[in-house]
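K.L.:
Now the structure itself:
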């Protein structure tokens with residue numbers, strides 16, 4: 229590892245940045261699936277590439293539909309799966325090339341097993357691991373413009389290698405002049421320019437797909453993408469959510485939320501406290517540091533159970549990269565762009581629906597589901613119970629989650645429940661990684677569910 233100073237046009241900026249010998253390898257890997265930065269940020273280029281992707285995908289579907297619906301020739305599920313797999317791969321490659329809203333679309337699509345066929349879920353559900361980072365030098369000008377000052381007047385050093393990259397932003401470790409270790413979250417300069425283009429194209433594509441079939445509500449996914457992108461682009465909202473959740477959780481001794489440096493909070497830049505810890509799914513590192521993964525799972529379940537079913541304001545992105553185990557055993561939360569406040573009594577209704585479904589009280593379960601704005605006309609009580617069991621991590625049956633969700637015949641997930649569903653799905657996967665087969669996070673959630681259901685009927 230070497231230390232160097234970034235320069236711009238030959239003028240030294242005076243910020244020492246840490247770089248590693250394999251930075252060139254990372255840049256090369258990123259370039260291999262990415263178009264020219266200037267080119268891919270042009271609206272006409274993005275429109276043309278998305279249109280080309282549609283042209284590559286639709287003929288296969290048209291052919292199958294011609295055979296099945298018009299020529300009355302049976303089409304095997306395997307043929308449909310091949311078409312879905314090719315379409316999902318095209319989406320993945322296009323998102324890696326153009327980035328922006330398409331990465332967010334792929335990530336959200338990968339979590340919508342209630343709507344999309346299984347091949348899409350398999351291709352897109354791990355999209356978090358594919359997001360490429362950008363060189364810090366490409367972002368410095370925008371950061372200085374946002375902060376209204378040279379970086380050297382605020383930071384003693386900035387680590388050039390990102391701690392992580394997401395669809396709309398990336399984060400770098402830094403040190404303030406007073407010695408405080410911080411993280412700088414930087415929104416990509418073109419995000420607010422290209423996102424409207426991406427969303428407009430996605431709406432057009434969704435309309436086209438919807439006109440071809442009615443079994444998959446693609447427009448619901450685009451609506452969800454629009455909501456989530458709006459939340460994640462609003463850095464001031466994220467900073468306020470971080471501070472609000474920090475105040476709510478301050479009473480607890482098992483979790484920590486980083487401090488926000490409000491003087492450096494801007495529309496596209498946020499500076500917050502750096503938390504030193506071990507990523508929650510690095511189980512061997514946790515053991516080496518004296519932490520038991522099973523206890524970590526219970527702690528996470530308790531924290532999220534309280535946020536979801538007691539406080540009504542929760543961290544909606546428990547991706548493994550956003551959860552740390554701190555040296556003292558507390559759970560450190562990161563990335564608050566998807567914090568969500570539930571409407572009054574919404575959490576209690578969720579608890580009532582889930583508990584009633586789990587214990588087989590179909591009347592109460594459907595009544596609660598209706599109060600949450602589910603369309604229950606075609607939902608069978610046993611399907612709702614299967615859905616709840618799957619959300620709580622029940623793995624005793626042969627059907628996977630995508631199959632169970634499909635069997636519910638649910639065509640519309642209420643807006644406020646969508647992020648709760650996504651959060652619980654992520655927690656379910658996290659539980660299996662920390663303590664396979666034991667469902668420890670789910671057990672803690674159930675405790676809060678039971679308490680919430682009891683409160684709802686009191």
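Residue numbers (the numbering used here): 229 to 686. The C-beta atom is built at its ideal place from N, Cα and C for all residues, glycine as well.
Going by the CB atoms, is the gap between residue 422 and residue 281 shorter than 8 Å?
P.N.:
Taking the chain shown and counting its residues from 1, one reaches residue 281 at position 53. Taking the chain shown and counting its residues from 1, one reaches residue 422 at position 194. The answer is no: Cβ separation not under 8 Å.
K.L.:
Measure the CB-CB distance between residue 364 and residue 386 and report whether it falls below 8 Å.
P.N.:
One-based indexing of the chain shown puts residue 364 at position 136. One-based indexing of the chain shown puts residue 386 at position 158. It is a contact, given that the beta carbons lie within the stated cut-off.
K.L.:
Give the secondary structure of residue 400 by DSSP, where H, G and I count as helix, E and B as strand, and everything else as coil.
P.N.:
Looking up residue 400 in the chain shown gives position 172. Reduced to three states, the DSSP call for residue 400 is strand.
K.L.:
Among all the DSSP beta bridges, which residues are the ones paired with residue 525?
P.N.:
Sequence index remark: in the chain shown, residue 525 carries index 297 (1-based). Answer by DSSP bridge pairing: none, since residue 525 is not bridged.
K.L.:
Can you say whether residue 491 is buried or exposed, counting buried as having 16 or more other CB atoms within 10 angstroms of its CB?
P.N.:
As a position in the chain shown, residue 491 is number 263, starting the count at 1. Looking at its Cβ environment, which holds fewer than 16 other Cβ atoms inside 10 Å, residue 491 is exposed.
K.L.:
Please say whether residue 411 and residue 420 have beta carbons closer to each other than 8 Å?
P.N.:
Here residue 420 refers to the residue found at position 192 of the chain shown. Here residue 411 refers to the residue found at position 183 of the chain shown. No, the Cβ-Cβ distance between residue 420 and residue 411 is not below 8 Å.
K.L.:
Which class does residue 569 belong to by DSSP, given the choice of helix, strand or coil?
P.N.:
Translated into the one-based positions of the chain shown, residue 569 becomes position 341. Strand at residue 569.
K.L.:
So within the region 489-539, which uninterrupted alpha helix (DSSP H) runs reach at least 4 residues, ignoring any that extend past its ends?
P.N.:
Listed in chain order, they are 511-516 and 521-534.
K.L.:
Identify every residue that forms a DSSP beta bridge with residue 393.
P.N.:
Taking the chain shown and counting its residues from 1, the one referred to as residue 393 is at position 165. Per DSSP, 398.
K.L.:
Note the first and the last residue of the continuous alpha helix (DSSP H) segment covering residue 313.
P.N.:
Locating residue 313 in the chain shown gives position 85, where the first residue counts as 1. Its alpha helix (DSSP H) spans residues 305-326.
K.L.:
State buried or exposed for residue 672, treating a residue as buried only when at least 16 other CB atoms are found within 10 Å of its CB.
P.N.:
Looking up residue 672 in the chain shown gives position 444. With 16 or more Cβ atoms within 10 Å of its Cβ, residue 672 is classed as buried.
K.L.:
Rounded to whole angstroms, what's the CA-CA distance from residue 623 to residue 529? Just pull it up for me.
P.N.:
The sequence position of residue 623 within the chain shown is 395, counting from 1. The sequence position of residue 529 within the chain shown is 301, counting from 1. Any reading at residue 623 must be qualified, since the residue scores a pLDDT of 47, below 50, and its modelled position is unreliable; the value itself is stated next. Near 18 Å, if we compare the C-alpha coordinates of residue 529 and residue 623.
K.L.:
Exposed or buried, which one is residue 294 when buried takes at least 16 other CB atoms within 10 Å?
P.N.:
Walking along the chain shown from the start, residue 294 turns up at place 66. That one is exposed.
K.L.:
Need the endpoints of the beta strand (DSSP E) that residue 468 sits in, please.
P.N.:
Residue mapping note: residue 468 aligns to position 240 of the chain shown, counting from 1. Segment 463-477 is the alpha helix (DSSP H) holding residue 468; no beta strand (DSSP E) there.
K.L.:
Going by C-alpha distance, which of 619, 572, 553 and 561 is nearest residue 583?
P.N.:
Locating residue 583 in the chain shown gives position 355, where the first residue counts as 1. Answer by Cα proximity: 619.
K.L.:
Could you check the C-alpha separation between residue 436 and residue 416 for me, to the nearest Å?
P.N.:
Your numbering for residue 436 matches position 208 in the chain shown. Your numbering for residue 416 matches position 188 in the chain shown. Roughly 30 Å separates the two Cα atoms.
K.L.:
Going by beta carbon distance, what residues of the same chain come within less than 8 Å of residue 666, once the five residues before and after it are set aside?
P.N.:
The residue you call residue 666 lines up with position 438 of the chain shown. Cβ neighbours of residue 666 beyond the five flanking positions: 522, 525 and 659.
K.L.:
What does DSSP give as the partner residues of residue 560 in its beta bridges?
P.N.:
Your numbering for residue 560 matches position 332 in the chain shown. The partner list for residue 560 (beta bridge, DSSP) reads 484 and 552.
K.L.:
For the beta strand (DSSP E) that contains residue 278, what are its first and last residues?
P.N.:
Counting from 1 along the chain shown, the entry for residue 278 is found at position 50. Element bounds for residue 278: not the beta strand (DSSP E) but the alpha helix (DSSP H), 271-293.
K.L.:
For the beta strand (DSSP E) that contains residue 409, what are its first and last residues?
P.N.:
Here residue 409 refers to the residue found at position 181 when the chain shown is read from its first residue. Unbroken beta strand (DSSP E) run through residue 409: 409-415.
K.L.:
Does residue 252 come out as helix, strand or coil in the three-state DSSP assignment?
P.N.:
In the chain shown, the residue the question calls residue 252 occupies position 24. Because the pLDDT of residue 252 is 36, which lies under 50, any placement of that residue in the model is unreliable, and the number read from its coordinates should be weighed accordingly. Residue state, collapsed to three classes: helix.
K.L.:
Where does residue 541 sit, in a helix, a strand or coil, going by DSSP?
P.N.:
The sequence position of residue 541 within the chain shown is 313, counting from 1. DSSP places residue 541 in strand when its eight states are reduced to three.
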